[in-house]
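All residue numbers for the sequence shown refer to our numbering, where the first residue is 119 and numbers rise by one.
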Amino acid sequence: MSTQRLSIRRQGNGNPIILLHGWGMNSAIFDSLGAELSKTREVVCVDLPGYGASGWDGSLSFAVQAGMIAQEIPRGEILGWSMGGLYALEMVRQQPDQFSRIFLASFNPCFVQRRDWSCAVKSEVFDEFARNLENGWDGTVSRFLALQMHGVENARVLIRETMSRLKTFGEPDPQALEFGLRLMKQQDMRTLLGNIGIPVKMILGGLDALVPVQLAEEIIQVNPRIEVESLASAAHAPFLSHKIPFLSVL
């Protein structure tokens, strides 16, 4: 087994819920949401490999990374935001009895457009993020947050506060950032999501520039049992901009 270091923070007591962050971020993105959830349950915040205080081992595959995380977290519900949803689904695939429910926030089982999947973004979007990484993480993630918050009230304040929290954990490993972009470009989890054996709830933002809200209609063709909630005035980070409505649908 790899000696890769994983950073996992826990707070509160009760039925566990595991929170997995998205690309370019770390578990600090969930500080506000976690504080509310921890009033009634145990909140388990994971820094994905290469992010926050978790180490990076470039020799490990996506499946191995997900399996390592699953071994370190309790049974319970799991919430994956954006790229974190890929890890959450892979963990459910490997350990279906470990998780009772999965929440997928601002998530697309296939993030880029394909011949049979138009409800996604063009692959060039991720290529542009990769090019921007040459100018450093700080500026790239700031622009990424701006895209996530586009059209949201108080976006500038939210971006500034979020960047401040993220920086307390340090910058992610550059290789982890590149790996994550490739992951989001290449993964197609529609079949896995269609065959999943636990309850699934998706939470979408009506203003999301990365995951079209029209996915609410398309996802039924993937799995008609999926429950979908749309927050009309939210974008790609609804738990930041619309925390109370977001909490109400968990």
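Cβ atoms here follow ideal geometry from the backbone N, Cα and C, with glycine treated the same way. Predicted, not measured: the structure shown is a model, and the values here were computed from it.
Alpha carbon to alpha carbon, what distance is there between Phe287 and Asn253?
Locating residue 253 in the sequence shown gives position 135, counting from the first residue. Locating residue 287 in the sequence shown gives position 169, counting from the first residue. Take the alpha-carbon of Asn253 and the one of Phe287: they are about 20 Å apart.
How many Å lie between Phe244 and Gly176 at the Cα?
Looking up residue 244 in the sequence shown gives position 126. Looking up residue 176 in the sequence shown gives position 58. Each residue's alpha carbon lies about 20 Å from the other.
So for Ala69, helix, strand or coil by DSSP?
The structure shown has nothing for residue 69, since the chain only spans 119 to 368.
Do you know offhand how far Gln293's Cα is from Tyr169's?
Within the sequence shown, numbered from 1, the residue matching residue 293 stands at position 175. Within the sequence shown, numbered from 1, the residue matching residue 169 stands at position 51. When rounded, the distance between both Cα atoms is 10 Å.
Cutoff 8 Å; reference Val259; Cβ partners in own chain excluding five residues on either side
By 1-based counting over the sequence shown, the position of residue 259 is 141. Same-chain partners within the cutoff: Gly142, Met143, Met281, Leu284.
Return the CA-CA distance between Ala181 and Pro167, expressed in angstroms with no decimal places.
Along the sequence shown, read from residue 1 onward, the residue named residue 181 stands at position 63. Along the sequence shown, read from residue 1 onward, the residue named residue 167 stands at position 49. Cα to Cα, Ala181 sits roughly 12 Å from Pro167.
Given 8 Å as the limit, is there contact between the region 216-233 and the region 311-330, that is, 3 or more CB pairs closer than that?
yes
How big is the Cα-Cα spacing for Arg274 and Asn250?
On the sequence shown, residue 274 is found 156 positions in, with the first residue counted as 1. On the sequence shown, residue 250 is found 132 positions in, with the first residue counted as 1. So the alpha carbons of these two residues sit roughly 21 Å apart.
Tell me the rounded alpha-carbon separation between Ile316 and Ser218.
Counted from its first residue, the sequence shown places residue 316 at position 198. Counted from its first residue, the sequence shown places residue 218 at position 100. Taking the straight line joining both Cα atoms gives about 6 Å.
Backbone secondary structure at Ser200 - three-state DSSP
Indexing the sequence shown from 1 puts residue 200 at position 82. It is coil, neither helix nor strand.
If I follow the unbroken beta strand (DSSP E) through Ile314, where does it start and stop?
Taking the sequence shown and counting its residues from 1, the one referred to as residue 314 is at position 196. Counting along the chain, Ile314 falls outside any beta strand (DSSP E), and DSSP gives it neither H nor E.
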